[in-house]
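*Asks:* For the record, the sequence lines run as chains A and B. Anchor point for the first sequence: position 458 equals 904 in our numbering, and the numbering is continuous, going up by one each time. Anchor point for the second sequence: position 285 equals 312 in our numbering, and the numbering is continuous, going up by one each time. Ideal Cβ positions, reconstructed from N, Cα and C, are used throughout, including at glycine.
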Amino acid sequence: MIALLGWIGVAAADELTLWHAWRGEERAALEALCDQYEAAHPGAAVAPLAIPYESLSAKLEAAIPRGNGPDLFIFAHERVADWSARELILPLEPQETGADSGFMPSALAALRWEGRSWGLPLGVKSLALFYNRALLPEGPPQTIEELLADGQADQTAPDGKKIYRLAYEVASAYHAAPWMHATGGGIFDSADPSQPETDGPVRLGRPANVAAFALIRRMALELVPPEPSGALVNQLFNEGRAAMLISGPWFLGEIASGLSFGVAPLPTVAGRPAAPWLTVEAVFLAAPPAGAAADPAAADLARFLAGAAGSQLRQNQGRQIVARTDVPAADPVLAAFREQAAAAIPMPLNPAMAQTWEPLARSLRRLTRGAGTPELAAAEAQTAYEILSRPLPPAADPAPWLIAAGIAGIAGLAWLAREIARAPIRAWAFAYAWVAPAFGAMTLLTLAPFLVGAAVSLFELQGQDWTFVGFSNFLDILLARDFPVTSPLSFWSTLLVTVLWTVCNVVLHVGIGVALALLLREPWVRLRGVFRAALILPWAIPSYITALIWKNLFHAQFGAINALLGALGIAPVSWFASFSTAFAANLCTNTWLGFPFMMVVTLGALQSIPRDLEEAAEVDGADGWQRLRHVTLPMLAPALLPAVILGSVWTFNMFNIIYLVSGGEPDGSTEILISQAYRWAFTRGHRYGYASAYAVIIFGVLLIYGRAANRLAGKKVI
Amino acid sequence: MATLEFLGIEKSYGSVRVLHRVDLSVADGEFIVLVGPSGCGKSTLLRAIAGLEEITSGELRIDGRRVNDLPPKDRDVAMVFQSYALYPHMTVRENMSFALRLQNHPETAARVDQAAEMLGLQKLLDRFPRELSGGQRQRVAMGRAIVRRPKIFLFDEPLSNLDAALRQQLRVEIKRLQAALGTTTVYVTHDQIEAMTLADRIVILQGGVLQQIGTPDQLYFDPQSRFVAGFIGSPSMSFLEKLEPGVTVGVRPNDARIVAPGSPAIQGAPIPGVPLPGVPLLGATVEVTERLGFESMLHLRLDAAHGGEPLMARVEGEPPRGRVSVALDRCYRFDPATGARIRDAGRA
């Protein structure tokens, strides 16, 4: 990759390079604009380079500091605070570039950080209201009051299925923002009410948010289908089973062909606009290598791309919602999105924002299930935010650690030298040479990442800097310093769930696996080969696919399991609303995935048990159960014990199922240690050190378990 | 102790019939040996007694009670397997007491100690099977059968995995035990020495068909067919097809007596017991000599004038070499087509 970046750097030496992640019509429009720029500026050369969105930011962060970055790049505004602090981007004031006025004020505001502007806005994205013209021939309601009043009258599709008035991801924090802003609330309690979300402390629990939560709860319970995931609400809208959908311009590409739809701004709440978050795509100037001057042509190109003519082309050819008010939009859909964007609030650049998503989402999930009150949900969101955003552990003095590490290193080297001196290495040189590649690969792929991970657990990331904190992360975790032991966030509570999860799974895996293997051995079972192949299938299918299938099977409204229960006259179960049912749903999924392994191991082990032994027991007077208990199972034990140890370790760390099926619901109570570690690393403000400490503790728990189980197995093995 | 009756027992696997109408009565306390070549159905018959194989037709009775549909555990029989089938995860004591423990039998410990004493296993009771020799494992397998005091003992080739010396030793032990316990016993083997030495009566099977039932002496001295004659006796009987037209002549090695060349007997004097008129002495050449110490087995080839076929003879002392004369002290005559014994008045 470094070589590639080097090559890109060389290739870009005498032309303007522009990195972006646009595709399809947007990319074609951008390339046409670059051609226009070259035509208007003889001698100028522009090289646009499309890079996959997932890797663009990582490539920018790697290439720009090494002088291998582009001259300009296009990205969302969300990283401005970070990149400006790291000096990856240059300030780019609209006035200085000579850019004409006409930018959407909210878009310009989004790019301002610490008093300066850091890019020129190109496009904007925000939520808006999609509506089905056939179901709402008179257009969508203008106010939330109308919407809620109409919602009382259910509509029914010709096939008898219910038509939902509104569908949207009601438990998503991103989708809650418009209502929080409409009731005068929000994330940050700005001192100046006319400029919401620009400064101030995070106050999720304030009364205005309680009002918003009450509104959201009403919509969830009266209008929106239960457990509305993104995929589900899109499907309902596309099938004509939802009259309205709240989504963003990204949904335009997924809309069913032939569906007559319109887009309108979100309904107002008590006369106040519902302002969603605004994401601004902007062109940025990459900082030149140290000592080099910025190419003035880059700013010129940026101004051209963001200018009125450029915007016109991007809008007409690229179907983009451009960030200008002076470019007329003929397309009513684009016009509606633009209208909504103008009223939207730029997504704050404040780093505290990252720690608000999970607390809000958790409160919303509980609230929209009908549990708790809006007051409680708002208060809990604030409490959870305060826990997640608590100050990082204080820096520790690394000197004693370095001395200890040094002594340990020297002792290790001395030991190694002694072992090498004692071992007849010369005599076995050939053998060592054969082993060396595998040893090297193991060191590189297993040992080194493990050591790095373990080392990370002694640090914490503060802004851009790693601070040495010693054992603070471990102590915080093990002493449950930040929350009560009974909180789902605490290590001990999660460990208890993890152990329960592992034990239940292993018991079911072994029980079902052994039972099926014994059944498949019976001579009276016909088509044994077919059954054997069919029963191994769950194992052969990638686990995340199975997890998603089961997740859908457990859906409260549309899942097959509730349909089956309904057919049997049993009331539908909201599977992810309580710990026991959510845990059972996870357990079902993982049992489905796990029993084939035990069945295959048992089938293999059964081959090695002589039939004579069971016949001897039969003649000795043992019935079926006694033969199983006294002869077959003890004989299976030597093969099953290692499988059980392996199965327990896999289950203990079965991230996929927890993350994809219950997602930790309800309220994080079904999280296991590994998913908890993931959340600390990636959804709770990048607490990498804390998450690494979790990982090291998980390793320790499994090491102790493995040693104990091996010792037990050693005694039992025949 | 019990009687055992087979009434027209048949067993088929699909269209393959492996037992053909077996009729047999075993008296209380009798030691019956089922013998025959591999695949003759002897183990199937034994397993049918144990209840491990279903009977296709016919009736099996233990103590006069029909047991065809009884599961093994309700038949009160004990079986010793060829592989010993000791439970590897249990000690010797646990192996031996297993059946009684399942019944919560009050005398479990006493019975195990008693059986261990009978078999010399007292010091091995706390060992696992993997810590025992083949012979010891065999004894444990027997001990497991003994402690139950069943109505019938079943042995399925129990000595076939042991070396010759141990086999002989255990053979004697089994015989002694059975005599002491007096339990009705059915014993399967393909080794006719075991059959001869152990049995009160031997049952010979071939291809699922019962060939002959009788005491060891009856089968040895009065075989009813060429198959029985060839199967019983070691080394086996020689069969001469060309000596007498239209008849297969069977001669046991013991009955082929070597006569020194030039001895008076050669002169044509009648020899008592020589059954074949016109063949008083046969000329032959010694091809191979197997020296067994006190005695030797001679592999002879008869002269072309006597059919030129191989014949075995047993001699004591220094074996002769080269050309010899053979006197046949006793012969058995069989129909070459059916293998049935041809009995002529006045001949053995």
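Is the beta carbon of I235/B less than 7 angstroms from the beta carbon of V45/B?
*Replies:* The question names Ile, yet the displayed sequence has Gly at residue 235/B. A contact, by the Cβ cut-off of 7 angstroms.
*Asks:* With T212/B and I76/B assumed to form a contact (beta carbons below 8 angstroms), what rounded beta-carbon distance in angstroms separates them?
*Replies:* Wrong, their Cβ atoms sit about 11 angstroms apart, outside the cutoff.
*Asks:* Between the Cα of I1104/A and the Cα atoms of A1083/A, P839/A, T940/A, which residue gives the shortest distance?
*Replies:* T940/A
*Asks:* Got a sec: is the Cβ-Cβ distance from H132/B to anything in chain A below 7 angstroms?
*Replies:* no
*Asks:* Measuring CA to CA, which of T1097/A, L795/A, L1011/A, I692/A is closest to N1032/A?
*Replies:* T1097/A
*Asks:* With distances taken Cα to Cα, identify the nearest neighbour of A993/A among A850/A, T1037/A, D928/A.
*Replies:* T1037/A
*Asks:* Could you check where the alpha helix (DSSP H) with F783/A kicks off and where it finishes?
*Replies:* 778–788
*Asks:* Just to confirm the assignment, what range does the beta strand (DSSP E) spanning A311/B have?
*Replies:* 309–318
*Asks:* Are R558/A and P537/A closer than 7 angstroms when you measure CB to CB?
*Replies:* no
*Asks:* For S52/B, which residues from the same chain have a beta carbon less than 8 angstroms from its beta carbon, with the 5 sequence-adjacent residues on both sides left out?
*Replies:* T30, L31, E32, F33
*Asks:* Could you confirm whether any beta carbon from chain A is found closer than 7 angstroms to the beta carbon of F108/B?
*Replies:* So yes, F108/B belongs to the interface.
*Asks:* Are A728/A and D517/A close, meaning C-beta to C-beta below 7 angstroms?
*Replies:* D517/A is positioned such that its CB atom lies no closer than 7 angstroms to that of A728/A.
*Asks:* Let me check understanding here. Comparing Cα to Cα, which of L197/B, G63/B, L79/B lies closest to L146/B?
*Replies:* L197/B
*Asks:* Short of 7 angstroms in beta carbon distance, which residues of its chain neighbour V492/A, apart from the five on each side in sequence? Order them along the chain.
*Replies:* Closer than 7 angstroms at the Cβ level, and outside the excluded window around V492/A, lie E461, L462, L464, C480, Y483, E484, L747.
*Asks:* On a CA-only basis, which of A752/A, N684/A, P735/A is nearest V726/A? Give me that one, please.
*Replies:* A752/A
*Asks:* For a contact meaning CB atoms closer than 9 angstroms, what does Y114/B contact in chain A?
*Replies:* Neighbours of Y114/B on chain A, chain order: L1059, A1062, A1063, H1076, V1077, P1080, M1081.
*Asks:* Answer yes or no: does any C-beta atom of chain B fall closer than 7 angstroms to that of G1067/A?
*Replies:* yes
*Asks:* When you compare the segment 641–655 of chain A with the segment 823–833 of chain A, are there three or more beta-carbon pairs, one atom per stretch, that lie closer than 8 angstroms?
*Replies:* yes
*Asks:* May I ask which residues mark the beginning and end of the beta strand (DSSP E) holding V43/B?
*Replies:* 43–53
*Asks:* Report yes or no: is there a C-beta of chain A within less than 7 angstroms of the C-beta of L31/B?
*Replies:* With 7 angstroms as the cut-off, L31/B does not count as an interface residue toward chain A.
*Asks:* In chain B, which residues lie with their C-beta within 9 angstroms of the C-beta of P1088/A?
*Replies:* P1088/A does not reach chain B, its nearest Cβ partner there being about 17 angstroms away, counting only Cβ pairs nearer than 9 angstroms.
*Asks:* Assess, as a yes-or-no matter, whether the segment 67–76 of chain B is touched by the segment 217–235 of chain B under the definition of 3 or more beta carbon pairs within less than 8 angstroms.
*Replies:* yes
*Asks:* Against chain A, with Cβ distances strictly below 7 angstroms, would L79/B count as a contact?
*Replies:* At least one chain A Cβ lies under 7 angstroms of L79/B.
*Asks:* In whole angstroms, what separates the C-alpha of W529/A from that of A863/A?
*Replies:* 47 angstroms
*Asks:* Can you pull the chain B neighbours of P870/A, defined as C-beta to C-beta under 8 angstroms?
*Replies:* Neighbours of P870/A on chain B: none; closest Cβ ~35 angstroms, over 8 angstroms.
*Asks:* Say whether the segment 1004–1014 of chain A touches the segment 1117–1131 of chain A, bearing in mind that this needs 3 or more beta-carbon pairs closer than 8 angstroms, one atom from each stretch.
*Replies:* no
*Asks:* At which residues does the alpha helix (DSSP H) containing R760/A begin and terminate?
*Replies:* That run of the alpha helix (DSSP H) goes 754–762.
*Asks:* May I ask you to report which of helix, strand or coil DSSP gives M464/B?
*Replies:* There is no way to answer for residue 464/B, as the model of chain B reaches only from 28 to 375.
*Asks:* Assuming D1113/A and P934/A are in contact, meaning their beta carbons sit under 8 angstroms apart, how far apart are those beta carbons, in whole angstroms?
*Replies:* 6 angstroms
*Asks:* Rounded to whole angstroms, how far is the Cβ of S261/B from the Cβ of P337/B, which I believe are closer than 8 angstroms?
*Replies:* Between P337/B and S261/B the Cβ distance is about 17 angstroms, and since that is not below 8 angstroms, they are no contact.
*Asks:* So for A457/A, helix, strand or coil by DSSP?
*Replies:* A caution first: A457/A carries a pLDDT of 44, below 50, which makes its placement in the model unreliable, though a value can still be read off. Of the three classes helix, strand and coil, the one that applies to A457/A here is helix, per DSSP.
*Asks:* Using a cut-off of 7 angstroms between C-beta atoms, extract the partners of A142/B located in chain A.
*Replies:* None at all; the shortest Cβ gap to chain A is about 14 angstroms.
*Asks:* If you measure from the beta carbon of R1157/A to each beta carbon in chain B, is any gap under 7 angstroms?
*Replies:* no
*Asks:* Which complete alpha helix (DSSP H) runs does the segment 1093–1138 of chain A hold, if anything under 4 residues is left out?
*Replies:* 1119–1128
*Asks:* Are there any heavy atoms of the ligand PLP lying less than 6 angstroms away from the beta-carbon of G886/A, as far as the coordinates show?
*Replies:* Looking at this structure, you won't find the ligand PLP or any other ligand, since it has none at all.
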